[in-house]
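There are 2 protein chains.
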Amino acid sequence: MPAAPASTLGPPAYPGARRGGARSSVPQKLAEALSSQYGLNVFVAGLLFLLAWAVHAAGMGKRDLLGLLTALMLLQLFWMLWYMGRSYAQRRLIRPKDAHAGARWLRVSWVDTAVLRLLSPSTGYPRSCVRLFSVLEPLLQGLVQVSVTIRDTAPDGPKTYSKNYCFREVYFLWGHAKDIIQSFKTLERFGVIHSVFTNLLLWANSVLNESKHQLNEHKERLITLGFGNITIELDDHSPPCNCSPPRLCAALAQGMYYLYPFTIEYQILASTMLFVLWKNIGRSVDGVSPRRSGLRLRGILAGSALGLGALAATLGVVAVYLVHIGRSKAKSEAALAMFYLYAIALLLLMGAAALLGVGIYRVDEKSLDESKIPARKLDSDLLVGAASGSWLLSWGSILAIACAETRPPYTWYNLPYSVLAIAEKYIQNLFIIESAHREPEGLPEDVCTLRVVTVYNGAAATDSSRCGDSGVAGDTAPQEQLVQPAVKGSLGQQPDLGREEQTEARRGKGVWSSARRTPCFRGSAKRKVLRNITAFLFLCNISLWIPPAFGCRPEYDNGLEEVVFGFEPWIIVVNLAMPFSIFYRMHAAASLFEVYCKI
Amino acid sequence: MPAAPASTLGPPAYPGARRGGARSSVPQKLAEALSSQYGLNVFVAGLLFLLAWAVHAAGMGKRDLLGLLTALMLLQLFWMLWYMGRSYAQRRLIRPKDAHAGARWLRVSWVDTAVLRLLSPSTGYPRSCVRLFSVLEPLLQGLVQVSVTIRDTAPDGPKTYSKNYCFREVYFLWGHAKDIIQSFKTLERFGVIHSVFTNLLLWANSVLNESKHQLNEHKERLITLGFGNITIELDDHSPPCNCSPPRLCAALAQGMYYLYPFTIEYQILASTMLFVLWKNIGRSVDGVSPRRSGLRLRGILAGSALGLGALAATLGVVAVYLVHIGRSKAKSEAALAMFYLYAIALLLLMGAAALLGVGIYRVDEKSLDESKIPARKLDSDLLVGAASGSWLLSWGSILAIACAETRPPYTWYNLPYSVLAIAEKYIQNLFIIESAHREPEGLPEDVCTLRVVTVYNGAAATDSSRCGDSGVAGDTAPQEQLVQPAVKGSLGQQPDLGREEQTEARRGKGVWSSARRTPCFRGSAKRKVLRNITAFLFLCNISLWIPPAFGCRPEYDNGLEEVVFGFEPWIIVVNLAMPFSIFYRMHAAASLFEVYCKI
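Pasting the structure below:
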């Protein structure tokens, strides 16, 4: 497929429309390489700033880091304003949209995170309340949001999304995440990739702040477990707060830690959406858009009840854990044992559920949709990539137990926990990836059957997907109503059929409608099981997201790995891998939500 | 595109041939997820073993690490033997091949690295000569090679590759890298991905050994530059050698360090080839195979002379550097200043050359080949990914210079050097990526012209690509000879043309041949310039591969970054980024070789 050349100024051109036009054009592949390399340089430079700040590099203060982040955000803001202005000016042009990008789960998590994000005063530095940049930064993010809200109230969105209009006012991406930019403008590529890596840097910054905070808490706790030979001082911990209402400031600083997980998720979600936007630039769209299926909640009582039970239990376990850990050696060990036992039980259940789901797919053999969709490919890659982060932690624990010279009793629970954590993610990923690549349930079989019926009656068949929908509730009556009149009404009018043939056809009809009843019922039963599994896994993944996000991290408190690997190496491993582990749960829950809507 | 189901046993099936067959089948997407997750787990577990060994984890010795690596290699060996046996048994089946995989540059680097690899006694642990595993490991690798040689002498290779037969006997990949496994066997996927990650682990192991060695040398040198406040002991340095001929052992240990870079390149090359093999499993092949163009060396005198000059100069600079560095403070500073000045000059030349190349492409506007080819995509991604590693180092230097409180004069050279290192890689990547996506030069225009001539004379035109070939040498005579007789000889025989028309046609011929002379000449001149640029860049990249690979690493010896970031953080950054930086140069040279053959 040849690339269409792009001009750097002027109205947008569709691929091929301006072929061989201006000399200033850049082929798509080259524009991609240009912008991705720019983005990587921004990211790498930013990471080094973060590293320099984290290791207290000489001549490098927090002020410099915040200066860089602010400059990057300003640049992103300017670009977004420019893009929105351009979109507004050309709002009458038809623009192709990628129906897979900015999926439904993103909207759900978006509402969660954006709302909670707005509550959080700034990205990780409310403690230094007087500094210029910590005021500037939330202001900037607010500006971005306000300006986007203004743009999005302009009635240029496609009508199909009007139902979700109230949600679409939240953010730039809400309106543009599905855009397929066809003008190949180099400036747009640069702007999008700049935004991707700026968000990733903000994410890294938040993760670093959160890690420092957790590390400090951990050091305080660790001594109670008897691993007291740590000489490192507490880092960046509770600095004096010198802003005007000291109580408000202290409350903000305290509250922030509970809003951190949302901030972190928010930034990585924004990155992924922007990345899909970038990948979509210049993509040729095929006409087929996925069937939009609504969110139906009937028939998932078992799955959601189990899942909600797990969620409640997790909240309880986390509360007990946080109260007991670090109080005394005995209490800490009891808290750890409780957490491990609970997690083992939950992971066993989840693994079994996911295995059942994969098994059902194996029995119900079907071809998968293998078309290349950037959003879906990114989702799968993120799942496996984020899981790798948590596998690093689990393998570390396994290795530590194998190598340790003394093993306190509670550390033995660590072994099945780690093994199960690996296995559960492995199976769950398989289930999600296969679900994402399946064609929506219920279509092909029904279409095939109704075609056979059409041969008998010669009339146009009505919409066939009803069977799938009604099957959810478990009854097959509507389907029969739908098939029978069509067959009855037309059989008598067939001119070429003799009396015997008509009888045979009637008998045939009887055979068909009874034969159909079983597969349709079976299909609906399978779908019901799959929906219950998905609902259960969805709630369980949210459950397992809570403990590490809110400071219940046995990898820190366990102490065994630190003895084997040494304090610093293990802390580095945990701090690198933990953000991915947390992100995995959130992303898996989001993907499962999407899977649920599809089944 | 629906996936073809795969059976786990029995003869290979082509996609679609066994659709809807056995229940035991696994869709392609699922098999990919299954195997890639397995591979990632192997890799992650292996990395933690390496980490545990590197940080001297309690209860974890070199013996355990080598045990793991040996087990992984044994598993790979068994799989390879099984695969080769199966291939031999089914040698009469036509198997599709990916003409892009296992490209020409791989063969060239393969001969280099494999030969030098065989000279190197073992993967980084000849110093502990008596241990079981250090004997087992090279034995295993030898076994693999011998068994593959046996398999490859069986005459089952496609005839098109018989020219390269002598090369193909070296290794498994030599015979199978181009395979497109169509049977979708789950076992094959697992085997290939296991091999990929085993090779990556061996690479990581080599890199770790090399880093430890460099770090020890660095610590010894550092004190001479006045940065003497380092309290860390030398690690794993020159342990007592207790094998029977001590002099041989010592010589081996010494010589090994000069063969290390080849070992490292060998393993990562094997990984990339295996990864392409894995990505190719189940791919549907399009009929078009790329034009095989030979290696022509005419007309690149300027580029190769400049490049060889650079290569010779680099060897001199490295020799002087290694002799002077660490002798005294003054000598070290002089060596650093010399290295920086030389590298600045070379990078400036390289950047200018690559920019000229990109500029020529921009003037000569052409559509790019955007088809999805796993091998080419991997090459581009590796280039950009490996460059990111070296960008990390360069940005670190820039940040260090910006933050440092005292800056000795020689550190100032570091700034332009780092900036140029970033810019040069940026531009060079653009040049290589665009070259890789261009259709081979010279075809379209010539074909178009000859088609016009064919309208006149009604005869079949002879091969048109000659113009391009002769144009390389700068003369257009052969082309004219080729076109003129065809036109002359056939014009008189045209029955439908009147006298006037024939005259017009002759005039037309004259117009065409004179009109063609200029573009063809211009095209050949452009091609000549591009070839010279590519040859120059190829040799320069080899030049710049030498210094870091053989211990000339100013990032270590400079001292400035260590003062700013602290010793340990900076050493960790360098040890993580340096392997990618070294790999970048090798990979860029290889890609440029491929580009050269294509132009």
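One line per chain: the protein sequences are D and Z, in this order.
According to full-length UniProt numbering, the first sequence is numbered sequentially starting from 1.
According to full-length UniProt numbering, the second sequence is numbered sequentially starting from 1.
Quick reminder that beta carbons are idealized off the backbone N, C-alpha and C, glycines included.
From a predicted model like this one, the values you see are computed outputs, not experimental measurements.
Beta-carbon proximity check, residue i vs residue j, cutoff 8 angstroms
i	j	result
leucine 399 of chain Z	leucine 75 of chain D	no
valine 323 of chain D	isoleucine 546 of chain D	no
tryptophan 391 of chain Z	isoleucine 422 of chain Z	yes
methionine 350 of chain D	cysteine 552 of chain D	no
lysine 526 of chain D	isoleucine 360 of chain D	yes
aspartate 379 of chain D	serine 591 of chain D	yes
alanine 343 of chain Z	tyrosine 417 of chain Z	yes
valine 358 of chain D	leucine 430 of chain D	yes
histidine 587 of chain Z	leucine 382 of chain Z	yes
glutamine 28 of chain D	glycine 282 of chain D	yes
proline 569 of chain Z	valine 55 of chain D	yes
Integer Cβ distance of residue i from residue j, believed to fall under 8 angstroms
i	j	result
residue 624 of chain Z	alanine 58 of chain Z	With chain Z running from 1 to 599 in the structure shown, residue 624 of chain Z is simply not present.
valine 196 of chain D	tryptophan 278 of chain D	6 angstroms
phenylalanine 43 of chain Z	leucine 200 of chain Z	6 angstroms
alanine 375 of chain Z	phenylalanine 583 of chain Z	Alanine 375 of chain Z to phenylalanine 583 of chain Z, Cβ: 17 angstroms. No contact.
alanine 404 of chain D	valine 564 of chain D	5 angstroms
leucine 65 of chain D	tryptophan 53 of chain D	5 angstroms
methionine 60 of chain D	threonine 198 of chain D	Actually they are not in contact, since the Cβ atoms of methionine 60 of chain D and threonine 198 of chain D sit about 20 angstroms apart, beyond 8 angstroms.
glycine 389 of chain Z	alanine 577 of chain Z	4 angstroms
threonine 411 of chain D	asparagine 558 of chain D	7 angstroms
valine 384 of chain Z	leucine 40 of chain D	7 angstroms
Top-ranked residue by Cα proximity to residue i, from the options
i	options	result
asparagine 209 of chain D	D/Val276, D/Leu51, D/Ile344, D/Lys366	D/Leu51
residue 650 of chain Z	Z/Phe536, Z/Tyr417, Z/Ser394	Nothing about residue 650 of chain Z can be reported from this structure: the residues present for chain Z run from 1 to 599 only.
alanine 305 of chain D	D/Leu202, D/Lys425, D/Phe538	D/Phe538
proline 554 of chain Z	Z/Gly396, Z/Ala386, Z/Leu311	Z/Gly396
alanine 335 of chain Z	Z/Lys377, Z/Pro409, Z/Ile300	Z/Pro409
alanine 549 of chain Z	Z/Val276, Z/Glu333, Z/Ser211	Z/Ser211
isoleucine 571 of chain D	D/Ala589, D/Leu393, D/Gln428	D/Leu393
asparagine 575 of chain Z	Z/Val276, Z/Lys528, Z/Ala204, Z/Gln428	Z/Ala204
aspartate 364 of chain Z	Z/Leu69, Z/Arg585, Z/Ser388, Z/Ser524	Z/Ser524
Extent of the continuous alpha helix (DSSP H) run through residue i
i	result
glutamine 37 of chain D	28-54
threonine 411 of chain D	From DSSP, threonine 411 of chain D is part of no alpha helix (DSSP H); its letter is neither H nor E.
serine 591 of chain D	567-598
serine 390 of chain Z	374-403
phenylalanine 339 of chain Z	329-363
glutamine 76 of chain Z	62-89
aspartate 59 of chain D	Just to set this straight, residue 59 of chain D is glycine in the shown sequence, not aspartate. Looking at the DSSP string, glycine 59 of chain D is not in any alpha helix (DSSP H), and its letter there is neither H nor E.
leucine 308 of chain Z	301-324
glutamate 370 of chain D	That residue, glutamate 370 of chain D, is in no alpha helix (DSSP H); it is neither H nor E in DSSP.
Close beta carbons around residue i, own chain, < 6 angstroms, minus the five adjacent residues each side
i	result
tyrosine 556 of chain D	His218
proline 579 of chain Z	Val207
leucine 415 of chain Z	Ile401
isoleucine 232 of chain D	Interpretation of isoleucine 232 of chain D is limited by its pLDDT of 49, a score under 50 that renders its predicted location unreliable; no figure is taken from the coordinates.
glycine 302 of chain D	Before going on, a small fix: residue 302 of chain D reads as alanine here, not glycine. Closer than 6 angstroms at the Cβ level, and outside the excluded window around alanine 302 of chain D, lie Asn532.
tyrosine 340 of chain D	Tyr413, Tyr417
lysine 331 of chain D	His324
glutamate 424 of chain Z	Leu347, Met350, Gly351
serine 543 of chain D	Ala310, Leu311, Thr314
glycine 46 of chain Z	Leu201
7 angstroms Cβ shell around residue i - same chain, five flanking residues per side excluded
i	result
tyrosine 596 of chain Z	Arg531, Thr534, Ala535, Phe538
serine 35 of chain Z	Arg189, Phe190, Ile193
serine 514 of chain D	Confidence at serine 514 of chain D is low in this model, with a pLDDT of 41, below 50, so the placement of that residue should be treated as unreliable; the coordinate-derived value is given next. Within the same chain, serine 514 of chain D has no close Cβ partners at all.
Own chain residues within Cβ distance below 8 angstroms of residue i, not counting five before or after
i	result
proline 485 of chain Z	Note that proline 485 of chain Z has pLDDT 40, beneath the 50 cutoff, so the model's placement of it is unreliable and the number below is only indicative. Result list for proline 485 of chain Z: empty, nothing under 8 angstroms.
leucine 356 of chain D	Val529, Ile533
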